[in-house]
């Protein structure tokens, strides 16, 4: 199945920045990484659009292609027990288990 262009770009953003590839090997069985990201697949008011553009141009943020679905897909590809929730323009994520060997995306 071909993913929509926006979903492909969102997933590529997380892979490109190494979030999931760097996080998964470091996660212990009882580790619980969590965090937020401002997602681009939502409505932003004029001030938020201006701030996001400015922060991405200055490289304070690297989320110009982030989507909630891309974040969830990238995390689920490498980690088990993933929870991603949208709150306004922010996606909150929490993961609780490293990926099992059978689901490893790189064949290891």
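In my numbering, the protein residues as written are 75 to 182. Yeah, the Cβ is synthetic: ideal placement off N, Cα and C, and Gly gets one too. In this text the structure is predicted, and so the values were computed from the model without any measurement.
query, result
"Span separating the alpha-carbon of residue 138 from that of residue 121", "16 Å"
"Cutoff 6 Å; reference residue 160; Cβ partners in own chain excluding five residues on either side", "142"
"Span of the beta strand (DSSP E) around residue 123", "No beta strand (DSSP E) holds residue 123; the alpha helix (DSSP H) holding it covers 120 to 131."
"Presumed contact (8 Å Cβ cut-off) between residue 167 and residue 109, rounded CB distance", "6 Å"
"Member of 164, 158, 153, 157 whose CA lies at the smallest distance from the CA of residue 103", "153"
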